[in-house]
Structures are given as C-alpha cells and as structure tokens.
Amino acid sequence: MNSNAGIVITTRNREQDLKKLFCHLKENKAWQKYPIWVHDDASNQVSEDYWKFLSKYAYYLIRNPRNYGASLNRNISNASAPFDFIFSLDDDSCFVDTDGPAQAIEYMENHPKVAILSFPLVSSFNPPPIHHTSPYPCLSYAACAALIRKSAFLEVGGYYSDFFYYGEEPELCLRLWAAGYEIHAFPLCRVYHWVSSNDEDYRCKGFYGPQNRVWTHILHTPIQFLLAEVLRTFPSYSKLSLQTKIPLIHFKGLISGIKQGILHLGERQPLPLSLYIHLKSLPVSAQFKTRE
Numbered sequence: 111m112n113s114n115a116g117i118v119i120t121t122r123n124r125e126q127d128l129k130k131l132f133c134h135l136k137e138n139k140a141w142q143k144y145p146i147w148v149h150d151d152a153s154n155q156v157s158e159d160y161w162k163f164l165s166k167y168a169y170y171l172i173r174n175p176r177n178y179g180a181s182l183n184r185n186i187s188n189a190s191a192p193f194d195f196i197f198s199l200d201d202d203s204c205f206v207d208t209d210g211p212a213q214a215i216e217y218m219e220n221h222p223k224v225a226i227l228s229f230p231l232v233s234s235f236n237p238p239p240i241h242h243t244s245p246y247p248c249l250s251y252a253a254c255a256a257l258i259r260k261s262a263f264l265e266v267g268g269y270y271s272d273f274f275y276y277g278e279e280p281e282l283c284l285r286l287w288a289a290g291y292e293i294h295a296f297p298l299c300r301v302y303h304w305v306s307s308n309d310e311d312y313r314c315k316g317f318y319g320p321q322n323r324v325w326t327h328i329l330h331t332p333i334q335f336l337l338a339e340v341l342r343t344f345p346s347y348s349k350l351s352l353q354t355k356i357p358l359i360h361f362k363g364l365i366s367g368i369k370q371g372i373l374h375l376g377e378r379q380p381l382p383l384s385l386y387i388h389l390k391s392l393p394v395s396a397q398f399k400t401r402e
C-alpha cells in the first residue's frame, strides 16, 4: 500500500457511481496500491448496504452530519488525508492509463514548484492513442481529474470555502500561481469521467457556476480588466442558456456573483498584471489531443 499518495473522493448520494468506481480501481493492480479516502457529504438517498460497502473497501471513511458543500468538504478531506500527493477523483471518474498515476507522482517529485497536475478527461476507458505526451503549463484543472501537492494546497489555504458548490478550482489556482507555484497538464494520466448528475445538480451548477466565476474575477482580476471581465461573463452564458433552457438561473447566478464579490471586497487579492497576462495565454486545463 502506497503511503506517499492516495485517492481522495468526496461524494453525496452517488451510491451506484461510487460502487462502479471501486470496481474499476480494484480491477487494476497498479491502482490498488493507492489507499482510497472517502468523504461523504451527508448522503440521505443511499441504502444501508452502501455504508457497509464503503467500510469494507475504503481505506478511511468520513461521514458529515450535514451537507457542508463541495469546497469545504474537499478542504476537510485533503487536510485530513495522510498523503503527500492526493489524487482528486469524483465518484464518477476513474483513471484510464495503467501507469499514469505512478508517472504523475514521479513528475511531481521531480518538479517541486508544480502544485497540481491536471489530467485530460476522456469519454471512455478506451480512448484513441494520444499524440502529445509532454506536460505543459495550464491555468486550472478539474477536481475530478487531478493530482494535488498537499503542502502547497494547505499553504494557500485550500479551496475558498465560501464557494459552496462548483467553480472552486480556478480560484484556488490563481492563488497558487500568485504564491509562485505552477499548474501543469499531464497527458500521460487520462481520466474517464462518465458524468453522473441529477436535475438538482444540473440546476445547482447553473447557479453556482456563473456566481463563482464572477466572484473569482472580483477577488483576483487586476482593476484595469475587472469591469470588462465581469461584463463579458453575461454574454458568455447566452449560448449555454439556450442549450440548457435555464437562462433565469444563469442570470441569478451572475447577479449573485456581483453581490457576493462586493460583499467580500475586503478579501480581494488582485493578481500582478504581468502574471494575469501570462495566465490569459495558457489553456484552461489539460486538453485531450488524439494521434494525428
């Protein structure tokens, strides 16, 4: 069993997904060596067998007495997990490449200024061969597909816990970049995310996504670009609103983001202008590039 790195999963009411994930992780000997740390955020729609299953297969299980929200839940998980390197997966995401996790750990050990590795997301366990395998800097990552250096995560204070749900990764990354760390994409460790969600998740993301995006701008965008970035978020959601048919929820989230940002102006930490310009030139996260 690996004591240097482990898998941390935060979950809520995803019984079938988590069982599916455990089965996949246990099928591959290369992944079995990573202990699985499960943090359940007050699930109330699961069977009693679910808890027995987790107690049997999880290295450690935390059960919240109430719903803390994704950001705070992940902060507690990452702080309490006894690993130097944390594989951050969702209950509906799993590794694809057998040797990917070990290669990712080796890369982090050799690059002490890299705080997080962002893994490309793919749509099956048998994706096309990759063409570009070299790591490269990127702005952020998805919490369902990453390797986190615990010491760096704790140094900057973890996720912004006032973000109850969704969009906490980009805000964290801005603080990590400002602290002198880097985020790199790591193509050799791909993750299949089968994206299991219900209507409640869908509508929550529709509100908290826009809210936290605007809020992040108010917290960290240099004053010269702040108004333009905030205004740009409104039309950026217009196409998505037409597709999802929840424009009012998006609009309410955007307005809430402005309100919350103003209420938290005392916490504002704008990026240095040169760093902001550099980050704008980077890809958002790991991109899956197939063989040409």
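In the working numbering, the protein residues as written are 111 to 402. Note that CB positions come from ideal geometry on N, CA and C, so glycine has one too.
Contact between ASP311 and LYS260 does not hold, since their C-beta atoms are separated by about 27 angstroms, which reaches or exceeds 8 angstroms. Rounded to whole angstroms, the gap between the alpha carbons of ASN236 and VAL206 is 8 angstroms. Secondary structure at THR208: coil, using DSSP grouped into helix, strand and coil. LEU257 is a Cβ neighbour of SER198, given a cutoff of 9 angstroms. Check the Cα spacing between TYR167 and each of ASN154, CYS299, ALA152, VAL148: the tightest is with VAL148. Between the alpha carbons of CYS283 and GLU125 lies a gap of roughly 30 angstroms. No residue range can be given for THR331, since it is assigned to no alpha helix (DSSP H) and is classified by DSSP as neither H nor E. When secondary structure is reduced to three states using DSSP, VAL324 falls in the helix class.
Rounded to the nearest whole angstrom, the C-alpha separation of HIS374 and LEU329 is 8 angstroms. Assignment of alpha helix (DSSP H) within the region 183-256, counting only whole runs of 4 or more residues, yields 210-220 in chain order.
Going by DSSP, GLU292 is part of no alpha helix (DSSP H) but of the beta strand (DSSP E) stretching over 292-295. In the three-state reduction of the DSSP assignment, HIS303 falls in the strand class. The criterion of a C-beta distance shorter than 9 angstroms is satisfied by CYS254 and SER203. A straight-line Cα-Cα distance of about 28 angstroms links PHE361 and TRP304. The Cβ-Cβ distance between LEU381 and LEU389 falls below 9 angstroms. Under the DSSP assignment, ALA115 falls outside any alpha helix (DSSP H), being part of the beta strand (DSSP E) whose first and last residues are 115-121. Pairing LEU135 with ASP201 gives a Cβ-Cβ distance that is not under 9 angstroms.
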